[in-house]
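Q: Dropping a structure here in structure tokens format, bear with me for questions.
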Amino acid sequence: MAINVKQITTDITLELDEEVISMADFQKATDNFLGLVKELSRQVTGNKADSGEWSVKVYSGSAAVGVMPSAQNLNSDRVREIMVSGIRSLANGVRPGEFSDKAVEYAKSLASLFKKSKVEPNVRIWSKQEESVHVVRKVATEADNLLAPAYEEQGAVDGILERVDAHGKMQFVIYDVIDERAVKCEVTESQLQQALGNFKKRVEVIGTVRFRKDGMPVSIKASRIVNFPDKAEIPTLAQMRALLAGEAST
């Protein structure tokens, strides 16, 4: 059921104007909407966003969920602006500068709701009562194009090794230490054993890297995994000075 625009009291509101909404679709919509709010907040504040900076409101009488900023949230207007303009840009095949990979994925999921419906679903995001953007299915199509690998070459990626998976294709995921961008790594069984020994540690993976059109790595077929030394194995500044002093005296 559509929301009465005059009753909107939240800064950013997700509206699901459908007659019948399954529990799975409603949960998926809510999770991805709130995830998008949190991720854009993180991008705007430089990774300093706190989920406590937003309060959530569920509207009675309609399938709508909204968020409003807490008193200490000084970036809510900016988040609201880039969410609405960003969804429009994605529908036109243009990646918004503030949209990380996670943000694009969240938007894609919102545009993929109600897959069984043969008509365009009525999913909207409202900026207060001022304007709304229709999250059309084309957003999901363009998001796929933006995130899809376009070419491959030999190279290397590094990050924190997480999410080891041996179900079907053997792989793990590493996350960039700066922006937490995920890269899937395809490995052999022996390499998977090495990966397990380096779980939650930083590694460099060398092999055939698949890149997106913008040059960002998407995945890699590993030929070698290089372990980064643990912090305990790295000499302190005092130890390095002592080593250098010893070399100088010989």
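Numbering follows this note's numbering, in which position 217 of the sequence shown is assigned residue number 203; successive positions increment by one, without gaps. C-beta atoms are modelled at their ideal positions from N, C-alpha and C, and glycine is treated no differently.
1) Is the stretch 80 to 100 in contact with the stretch 20 to 29, if contact means three or more CB pairs nearer than 8 Å?
2) Report the residue from V65, T31, N184 and F158 whose alpha carbon sits nearest the alpha carbon of M54.
3) Could you tell me the alpha carbon to alpha carbon distance between R210 and P221, rounded to whole angstroms?
4) Give the single residue among G193, S46 and V30 whose Cα lies nearest to the Cα of D263.
5) Which one or two residues does DSSP pair with F158 in a beta bridge?
6) Just verifying my parser: in three-state terms, what is the DSSP assignment at R123?
7) G47 to I(-11), Cα distance in whole Å?
8) Checking 9 Å against the spacing of the C-beta atoms, do V150 and L182 come in under that value?
9) DSSP has Y137 in a bridge; who is on the other side?
10) Looking at the secondary structure, which residues open and close the alpha helix (DSSP H) in which A49 lies?
11) When the Cβ atoms of the stretch 93 to 107 are set against those of the stretch 136 to 154, are three or more pairs found closer than 8 Å?
12) If we call anything under 9 Å between Cβ atoms a contact, is V70 one with S113?
13) Looking only at its own chain, which residues have a Cβ that is under 7 Å from the Cβ of A239, when we skip the five neighbours before and after it?
14) If you draw a straight line from the C-alpha of I(-2) to the C-alpha of K155, how long is it?
15) What are the partner residues of A142, as DSSP defines its beta bridges?
16) Find out if the Cβ-Cβ distance for the pair I206, E172 is shorter than 9 Å.
17) How many angstroms separate the CA atom of A50 from the CA atom of Q58?
18) I111: buried (16+ other C-beta within 10 angstroms of its C-beta) or exposed?
19) Report buried or exposed for K24, applying the criterion of at least 16 other Cβ atoms within 10 angstroms of its Cβ.
20) For K186, which residues of its own chain have a beta-carbon under 8 Å away from its beta-carbon, when the five flanking residues on both sides are left out?
21) Do you know whose CA, among Q140, G141, V191 and K14, lies nearest Q157's CA?
22) Taking the beta strand (DSSP E) that V212 falls in, what are its first and last residues?
23) Could you give the first and the last residue of the continuous alpha helix (DSSP H) run that contains L2?
24) Just to confirm before moving on: does the CB-CB distance between A136 and K199 stay below 9 Å?
A: According to the structure shown:
1) yes
2) V65
3) P221 has its alpha-carbon roughly 26 Å from the corresponding atom of R210.
4) Nothing can be reported for residue 263, as the shown portion of the chain is limited to -13 through 236.
5) C171
6) helix
7) Inter-residue distance for G47 and I(-11) is about 8 Å (C-alpha atoms, whole angstroms).
8) yes
9) By DSSP's assignment, Y137 forms a beta bridge with F197.
10) Where A49 is concerned, there is no enclosing alpha helix (DSSP H), given that its DSSP letter is neither H nor E.
11) No, because fewer than three Cβ pairs between the stretch 93 to 107 and the stretch 136 to 154 fall closer than 8 Å, the two stretches do not touch.
12) yes
13) Past the edges of the chain, shown from -13 to 236, lies residue 239, and the structure says nothing about it.
14) 40 Å
15) I192
16) yes
17) 25 Å
18) buried
19) buried
20) I146, L147 and E148
21) V191
22) P203 to N213
23) From DSSP, L2 is part of no alpha helix (DSSP H) but of the beta strand (DSSP E) over I(-2) to L2.
24) yes
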